[in-house]
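Peer 1: Here's a structure for you.
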Amino acid sequence: MAAEVGGFEDPSAEVLAEAAAAFGLLASPARLHIVWALAQGESDVTGLAERVGGALPAVSQHLTKLKLAGLVRSRREGRRQVYFVDDPDVVTVVRLVVGQLTDRAALADRTAAGGRSARGALRRIRGVGA
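Per numbering that gives the first Met the number 0: the sequence shown = residues 0 to 129.
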């Protein structure tokens, strides 16, 4: 039975399992980089391998997993298979998380350059210590 707290009803076990599977796939830095790249625009496997710095067979395997999970789609253009992310929610989540972490790292770098430790800046950002 789903509980309701603060106006939000808990998602079903099925929805949570599906979300966990999607986040599990994105827990791989290589797959996250692929999805990030595809969120910026479509590409074939060769272009993705060059962009993410991976071997062609490895990138191809990552794409197969992402495609099976429904996070990535593809279409044929002549002899090439072109991959893309057409779910705006996936694009939003990836851009949000990566963007926030990029901003935090930049803030930590600026703070460290100013004579304070990057670790202290991250603690302040996360609300751990003052």
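The C-beta atom is built at its ideal place from N, Cα and C for all residues, glycine as well. Here the structure is a predicted model, which means the values were calculated and not measured.
On the CB-based measure, 16 or more other CB atoms within 10 Å of its CB, does Ala-48 come out buried or exposed?
Peer 2: With 16 or more Cβ atoms within 10 Å of its Cβ, Ala-48 is classed as buried.
Peer 1: Helix, strand or coil: which one does DSSP assign to Val-81?
Peer 2: strand
Peer 1: Rounded to whole angstroms, what's the CA-CA distance from Ala-111 to Glu-13? Just pull it up for me.
Peer 2: 44 Å
Peer 1: Here's the rule: buried if 16 or more other CB atoms are within 10 angstroms of the residue's CB, otherwise exposed. What is Arg-131?
Peer 2: Because the chain in this structure spans residues 0 to 129, residue 131 falls outside the shown range and cannot be described.
Peer 1: Under 6 Å Cβ to Cβ from Met-0, same chain only, skipping five residues before and after it: list those, please.
Peer 2: Unreliable positioning characterises Met-0 in this predicted model, as indicated by a pLDDT of 49, which lies under 50. The coordinate reading is nonetheless provided below. Excluding sequence neighbours, Met-0 sits near nothing in its chain.
Peer 1: For Ala-57, count neighbouring C-beta atoms within 10 Å of its own C-beta (all shown protein chains included) and say buried if the count is 16 or more, exposed if not.
Peer 2: exposed
Peer 1: Give every residue of the same chain whose Cβ lies closer than 6 Å to the Cβ of Asp-85, excluding the five residues on either side of it in the sequence, and list them in chain order.
Peer 2: Arg-72
Peer 1: Residues bridged to Ser-59 by DSSP?
Peer 2: Answer by DSSP bridge pairing: none, since Ser-59 is not bridged.
Peer 1: Note down, in chain order, each residue of its chain lying with its Cβ closer than 7 Å to the Cβ of Gly-53, except the 5 sequence neighbours on either side.
Peer 2: For Gly-53, where only same-chain residues beyond five positions count, the Cβ hits under 7 Å are Ala-29.
Peer 1: Using three-state DSSP, classify Glu-76 as helix, strand or coil.
Peer 2: strand
Peer 1: Using the DSSP secondary-structure output, state which residues sit across from Asp-43 in a beta bridge.
Peer 2: Note: Asp-43 sits in a beta bridge opposite Val-81.
Peer 1: How many Å lie between Val-34 and Asp-102 at the Cα?
Peer 2: 19 Å
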